[in-house]
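In what follows, a structure is listed as structure tokens, so that the remarks can point back to it.
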Amino acid sequence: MDIKATVLQILNDLTGNDVSGAMDDNLFDNGLLDSMGSVQLLLQLQSDLGVNVPVSEFERSEWDTPNKIIAKVESLA
Amino acid sequence: MLTFEPYGNPTYFALLGVALLPLMIGILYGKRSRLYETLISIFFLVLTFGGPKWTQGVALIIYILYEVALTWGYAVYRKQHNSGPVFFMTVILSILPLTIVKVTPAVANGQSSLIGFLGVSYLSFRAVQTIMETRDGTLKDYQVMTFLQFMLFFPTISSGPIDRYRRFEADYRTVPDRDKYLGMIQKGVRYIFVGFLYKFILAYYFGTILMPKLQIMAMNSRGGFLDLSWPVVGYMYCYSADLFFDFAGYSLFAVGTSYLMGIETPMNFNQPWRSPNIKDFWNRWHITLSFWFRDFIYMRLVFWFMKHRVFKKPTTTANVTYIINMLVMGFWHGVTWYYITYGLFHGVALVLNDAWLRYKKKHRQSIPHNGFTQVFAIFLTANMVCFSFLIFSGLLDKLWFH
């Protein structure tokens with residue numbers, strides 16, 4: 000399965016925005032993600048891609064743009 | 000024997016300067032002397048916890064041995080097994096001393112517990128976090144010596160900022176190159192001087208000169224609606240200013256001193272008074288504490304609630320967890336009605352804040368967003384926060400019940 004497409008789909012569902020046009024925008028700064036959203040993202044990654052990310056692995060600065068999230072998931076998958 | 004509050008007076012800073020100089024020259028030449036770092040750590044710990052405060056020193060030593068036993072034992076256990084109940088027991092045992100220290104005054108007429116010492120809360124945060132990251136498997140290489148250095152790092156031992164084991168370890172194991180370190184010295188010195196301004200001039204003025212006067216006026220103006228009066232309003236702003244300058248000043252000393260030692264301890268404040276909402280306020284006020292709560296209580300609880308589908312709607316999960324999170328923070332400050340009310344107040348504020356943000360997102364077109372609304376939002380947030388600090392200050396307790 001294409002990781003990039005799946006992650007984008009998850010992010011779009013989660014934020015209610017199409018983020019594919021702004022792959023380097025900070026999702027926390029523009030209010031699209033917060034702690035709650037982060038946890039939903041982690042759970043969704045687990046169920047859709049089988050990627051297990053413990054909460055303490057979630058260093059916000061490494062997960063704050065769509066591109067960074069995709070890179071992170073690809074490194075863990 | 001000499002004894003000091005950390006960063007309490009000019010002599011402390013003079014000693015600090017003398018003690019740090021050899022260490023700084025060492026780092027400039029690319030060397031860290033573990034022995035020297037340990038010696039000055041012990042020296043400053045003795046200054047803080049020795050002499051007339053020796054009982055605190057003994058409490059600290061016993062506490063540290065206890066936490067080492069727990070974290071080390073759990074790290075060894077975790078290599079082979081991973082049972083939930085064992086993890087929960089370890090966490091509970093690690094916060095047991097803190098719980099006793101916090102509950103004792105409430106049940107023993109304000110008497111403080113014998114096992115307490117300056118900094119017990121902040122050390123507990125570090126220990127719990129070490130256990131949780133060991134469970135997650137993100138902290139694989141637990142070392143007793145590193146843990147001791149992390150817990151007993153003297154610049155931050157009494158009141159934070161609360162660093163993270165892995166972040167601290169990475170700094171501690173390396174020596175910054177000269178260019179980087181010169182930049183850190185520059186920043187460190189600036190932080191310490193801004194700290195002087197905050198703590199010894201502004202906090203002194205608000206906290207020591209002005210606040211007692213306002214308190215007397217507030218107590219003498221009782222009798223109106225809920226005993227409120229203009230002096231109470233004055234006290235609210237004065238207390239808030241004192242709280243900020245005192246704690247931000249201390250934090251700048253702690254971060255500045257860390258930088259001089261080549262450790263980039265995270266900042267505790269980032270212009271909190273310009274937050275446009277309460278949620279943003281907690282990203283800017285006592286940052287290492289609120290992020291600790293976010294990462295080790297809020298996110299973990301949300302994760303657990305959602306995984307076990309405890310609540311149907313994600314917003315319910317978020318709201319319930321906000322309240323729990325901030326109530327725990329309230330209890331952590333101390334078991335008094337005003338600390339707990341303060342926690343509840345912020346929990347409710349976060350729930351309302353989120354509801355408003357959702358509403359605003361949905362009605363983006365019809366809600367104006369301009370310079371005026373921004374200033375209004377900042378004004379409203381700052382006043383809400385000051386009101387919460389009035390609850391926190393305990394003045395209402397004095398007005399109503401004494």
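Taken in sequence, the protein lines are chains A and B.
FYI, in numbering that gives the first Met the number 0 the residues of the first sequence are 0 to 76.
FYI, in numbering that gives the first Met the number 0 the residues of the second sequence are 0 to 401.
Where is the CB? At the ideal position from N, CA and C, for every residue including glycine.
Asked: Expected contact under 8 Å - CB spacing of Pro160(B) and Ser250(B) to nearest Å; Found: 6 Å
Asked: Among Leu147(B), Phe86(B), Leu1(B), Leu225(B), nearest to Lys397(B) - alpha-carbon criterion; Found: Leu225(B)
Asked: Classification of His407(B) by the beta-carbon crowding that lies within 10 angstroms, buried from 16 upward; Found: In the structure as shown, chain B starts at 0 and stops at 401, and residue 407(B) therefore has no counterpart that could be examined.
Asked: Proximal chain B residues relative to Gln39(A), where beta-carbon distance stays under 8 Å; Found: Met305, Pro313
Asked: Boundaries of the alpha helix (DSSP H) in which Val327(B) is found, first to last residue; Found: 313–332
Asked: Whether Gly248(B) touches Gly194(B) by CB criterion (8 Å); Found: yes
Asked: Pro65(A) vs Leu7(A) beta-carbon contact at 8 Å; Found: yes
Asked: Phe344(B) CB to nearest heavy atom of the ligand GDP below 7 Å; Found: Absence of the ligand GDP is noted for the structure shown, with no ligands found whatsoever.
Asked: Contact between the stretch 92–110 of chain B and the stretch 318–336 of chain B (3+ Cβ pairs under 8 Å); Found: yes
Asked: Residues in the stretch 35–65 of chain A having any Cβ partner in chain B nearer than 8 Å; Found: Met35, Ser37, Val38, Gln39, Leu41, Leu42, Pro53, Val54, Ser55, Glu56, Phe57
Asked: Reference Ile191(B); option with closest CA among Leu394(B), Ala381(B), Phe12(B); Found: Phe12(B)
Asked: Outcome for Met88(B) when other beta-carbon atoms lying within 10 angstroms are tallied against a minimum of 16; Found: exposed
Asked: Residue from Arg33(B), Leu1(B), Ile39(B) whose Cα sits closest to the Cα of Pro51(B); Found: Leu1(B)
Asked: Under the three-state DSSP convention, the category Leu10(A) falls into; Found: helix
Asked: Residues near Leu41(A) in its chain [Cβ-Cβ closer than 8 Å; skip 5 each side]; Found: Val52, Val54, Phe57
Asked: Residues of the stretch 4–30 of chain A whose Cβ lies closer than 8 Å to any Cβ of chain B, in chain order; Found: Gly15, Gly30
Asked: Which listed residue (Ala240(B), Asn324(B), Phe304(B)) has its alpha carbon closest to that of Trp281(B); Found: Asn324(B)
Asked: Neighbour flag for Val301(B) against chain A, beta carbons, 8 Å; Found: yes
Asked: Sequence ranges, alpha helix (DSSP H) only - wholly within the stretch 146–181 of chain B, length at least 4; Found: 164–172
Asked: Assigned exposure category for Met183(B) - 16 Cβ within 10 Å defines buried; Found: buried
Asked: 8 Å contact criterion, which Thr47(B) and Ser157(B) should meet: CB distance rounded; Found: 7 Å
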